[in-house]
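See structure below.
Numbering (the numbering used here), first residue to last: 810 to 1168.
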């Protein structure tokens, strides 16, 4: 993985014998998009209760930016911000700090109780094109937080990522239900080049790895080994996982945790300010005859889109319904290349019924 753009390890200053100030000064940033890349760097990170309060802390903010800057695509979990601002502030600061052009796909807030969470994919738009994305339609309520599926094209390859934060009190049910997500995605995109990743809580007291992950219609490759430690704690647990399918797996590396505590020389207390999880990371090889200097076709979408649970069908609107279309359809609806209708609202870009784009 590329070195981060912050000069780490952090300096720990003790002031007035009671206040600890952590600083992460900037340094050079390694080449990103348009630099002849042959490998795509992919990450998955449970940032732990990410919201405006957490992002307002300079040490935490700068360290998170440093971590995320390692990746061309990253799946982010545990966004908890009912104002829906922090994730977009993170995107803006990431682009400002790196000089790259990251775009974002952000799910609606999900969860059974009052504690709702969002998912996000950040991706370097000069290297990666988002083809489609949707929240899995969970008709029988298998998941506390439904998986978030996205289709990407990069370095000459097309593939699907499905991300999830599994509820720790229902790990077995949710892991087995991932077979439905696998089936749905492979049918939708007509191939099985798929990676399922995220915080599975699949180790230690929640799940015994010996039970395995053979819940699918085809063989699965577990890219995170059972002895990998993905937790920021004295315990060693492989909670975060990556499961792979399809012929493109021969171009996907093994996954491992990025131990930022060790890499940045943090003590445990400082590391826990960032998250209780390490990100996990892997690479995808580009096609041998593909040059990343060619870039990808520009997207018609705006840089950030909120994706809500999938809309089943375009409704037939009555005259009364048409009168309420401005509220339903937002401002300036438009069709994406994939044939989906999006529009602008105060909270950002949202997928709306296709009838809005023909109104």
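No residue lacks a Cβ here, since even glycine has one placed at the ideal position from N, Cα and C.
Quiz prompt | Boundaries (first-last residue) of the beta strand (DSSP E) holding residue 1051 | solution = In the chain shown, the residue the question calls residue 1051 occupies position 242. Residue 1051 -> beta strand (DSSP E) spans 1049–1054.
Quiz item: Does the Cβ of residue 863 have 16 or more other Cβ atoms within 10 Å, making it buried, or fewer, making it exposed?
Solution: On the chain shown, position 54 is the one that residue 863 refers to. By the neighbour-count rule (16 or more Cβ atoms within 10 Å), residue 863 is buried.
Quiz item: Got a sec: does the ligand ADP put a non-hydrogen atom nearer than 7 Å to the Cβ of residue 959?
Solution: Judged by which ligands are present, the structure shown has none, so any question about the ligand ADP falls away.
Practice problem: Decide yes or no for the touch test of the stretch 954–961 against the stretch 926–944: beta carbon pairs closer than 8 Å, at least 3 of them. | Solution: yes
Quiz item: Using the C-alpha atoms, what's the distance from residue 913 back to residue 1048?
Solution: Translated into positions along the chain shown, residue 1048 becomes position 239. Translated into positions along the chain shown, residue 913 becomes position 104. So the two alpha carbons sit approximately 25 Å from each other.
Practice problem: Reducing DSSP to helix, strand and coil, say where residue 1150 ends up. | Solution: What you label residue 1150 is simply residue 341 of the chain shown in a count that begins at 1. Of the three classes helix, strand and coil, the one that applies to residue 1150 here is strand, per DSSP.
Quiz item: Starting from residue 855 and walking both ways along the beta strand (DSSP E), at which residues does that stretch end?
Solution: In the chain shown, counting from the first residue as 1, residue 855 sits at position 46. Run containing residue 855: 848–859, per the beta strand (DSSP E) assignment.
Self-check item: Rounded straight-line distance, which links the Cα of residue 1043 to that of residue 1002
Solution: One-based indexing of the chain shown puts residue 1002 at position 193. One-based indexing of the chain shown puts residue 1043 at position 234. The alpha-carbon atoms of residue 1002 and residue 1043 are separated by roughly 36 Å.
Quiz item: Between residue 1065 and residue 1059, what straight-line distance do the alpha-carbon atoms span, to the nearest angstrom?
Solution: Within the chain shown, numbered from 1, the residue matching residue 1065 stands at position 256. Within the chain shown, numbered from 1, the residue matching residue 1059 stands at position 250. Answer to the nearest angstrom: the Cα atoms are 17 Å apart.
Quiz prompt | Buried or exposed (CB count within 10 angstroms, at least 16 for buried), residue 1097 | solution = Indexing the chain shown from 1 puts residue 1097 at position 288. Exposed, since its Cβ has fewer than 16 Cβ neighbours within 10 Å.
Practice problem: Using the Cα positions of residue 884 and residue 1164, report the straight-line distance between them to the nearest angstrom. | Solution: Start at 1 with the first residue of the chain shown, and residue 884 comes out as number 75. Start at 1 with the first residue of the chain shown, and residue 1164 comes out as number 355. Going from the Cα of residue 884 to the Cα of residue 1164 covers about 31 Å.
Quiz item: Taking contact to mean at least 3 C-beta pairs separated by less than 8 Å, is the stretch 987–1000 in contact with the stretch 857–873?
Solution: no
Exercise. Mind checking who residue 912 pairs with in its DSSP beta bridge?
Key: To locate residue 912, count along the chain shown from 1; it is residue 103. Paired residues: 932.
Quiz prompt | Backbone CA spacing between residue 953 and residue 976 [nearest angstrom] | solution = Numbered from its first residue, the chain shown carries residue 953 at position 144. Numbered from its first residue, the chain shown carries residue 976 at position 167. So the two alpha carbons sit approximately 6 Å from each other.
Exercise. Evaluate residue 878 with the Cβ neighbour count: other Cβ atoms within 10 Å of its Cβ, from every protein chain shown; 16 or more gives buried, anything less gives exposed.
Key: Counted from its first residue, the chain shown places residue 878 at position 69. Counting Cβ neighbours within 10 Å, residue 878 comes out buried, since at least 16 surround it.
Practice problem: Would you give the residue range spanned by the alpha helix (DSSP H) that residue 1069 belongs to? | Solution: Looking up residue 1069 in the chain shown gives position 260. Looking at the DSSP string, the run of the alpha helix (DSSP H) that includes residue 1069 is 1069–1072.
Quiz item: So, do the stretch 883–899 and the stretch 854–862 have three or more beta carbon pairs nearer to each other than 8 Å?
Solution: yes
Quiz item: For residue 1063 and chain B, any beta-carbon pair shorter than 8 Å?
Solution: Considering every chain present, this structure includes no chain B. It has just one protein chain.
Exercise. With a 10 Å radius around its C-beta and 16 neighbouring C-beta atoms as the bar for buried, classify residue 921 as buried or exposed.
Key: To locate residue 921, count along the chain shown from 1; it is residue 112. Exposed.
Quiz prompt | residue 851 versus residue 1140: straight-line alpha-carbon distance, rounded | solution = Reading the chain shown from its first residue, position 42 is the one you call residue 851. Reading the chain shown from its first residue, position 331 is the one you call residue 1140. The alpha-carbon atoms of residue 851 and residue 1140 are separated by roughly 34 Å.
Self-check item: Spatial neighbours of residue 983 in its chain, beta-carbon cut-off 7 Å, leaving aside the 5 residues before and after
Solution: Here residue 983 is taken as the residue at index 174 of the chain shown, counted from 1. Closer than 7 Å at Cβ, skipping near neighbours: 951, 952, 975 and 976.
Quiz item: Who are the Cβ neighbours of residue 1083 in its own chain at under 7 Å, not counting the five residues just before and after it?
Solution: Numbered from 1 along the chain shown, position 274 holds the residue referred to as residue 1083. Same-chain partners within the cutoff: 869, 872, 873 and 1069.
Quiz item: Thinking just about the alpha-carbon of each residue, which of 926, 1150 and 1006 is nearest to the one in residue 1091?
Solution: Mapped onto the chain shown, residue 1091 falls at position 282. That would be 1006, whose Cα lies nearest to the Cα of residue 1091.
Self-check item: Cross-strand partners of residue 1007 (DSSP beta bridge)
Solution: Your numbering for residue 1007 matches position 198 in the chain shown. In the DSSP output, where bridge partners are listed per residue, residue 1007 has 973 and 1050.
Quiz item: Roughly how many whole angstroms lie between the Cα atoms of residue 926 and residue 918?
Solution: Locating residue 926 in the chain shown gives position 117, where the first residue counts as 1. Locating residue 918 in the chain shown gives position 109, where the first residue counts as 1. Their Cα atoms are separated by approximately 5 Å.
Exercise. Check each candidate in 895, 1056, 1052 and 1072 and name the one with the smallest Cα separation from residue 1063.
Key: On the chain shown, position 254 is the one that residue 1063 refers to. Looking at the Cα atoms, 1052 is the closest of the given residues.
Quiz item: So who's on the other strand from residue 885, going by DSSP bridges?
Solution: Stepping through the chain shown from its first residue, residue 885 is reached at position 76. Partner(s): 854 and 929.
Quiz prompt | Among 911, 1014, 1030 and 903, nearest to residue 979 - alpha-carbon criterion | solution = The count along the chain shown starts at 1 and reaches residue 979 at position 170. Looking at the Cα atoms, 1014 is the closest of the given residues.
Quiz prompt | Sequence-distant residues of its chain with Cβ nearer than 6 Å to residue 1021 (five each side left out) | solution = Numbered from 1 along the chain shown, position 212 holds the residue referred to as residue 1021. Cβ neighbours of residue 1021 beyond the five flanking positions: none.
Quiz item: Secondary structure at residue 1066, three-state DSSP: helix, strand or coil?
Solution: Position 257 of the chain shown, counted from the start, is the residue given in the question as residue 1066. Three-state result, residue 1066: strand.
Quiz item: Going straight from the alpha carbon of residue 1054 to that of residue 994, what length do you get?
Solution: The residue given as residue 1054 occupies position 245 in the chain shown. The residue given as residue 994 occupies position 185 in the chain shown. When rounded, the distance between both Cα atoms is 11 Å.
Exercise. Return helix, strand or coil for residue 1090, following the three-state DSSP convention.
Key: The sequence position of residue 1090 within the chain shown is 281, counting from 1. In this structure, residue 1090 counts as strand in the three-state DSSP scheme.
Quiz item: From this set, 1018, 1078 and 915, which residue's C-alpha is nearest residue 1037's C-alpha?
Solution: In the chain shown, counting from the first residue as 1, residue 1037 sits at position 228. Comparing Cα positions, the closest option is 1018.
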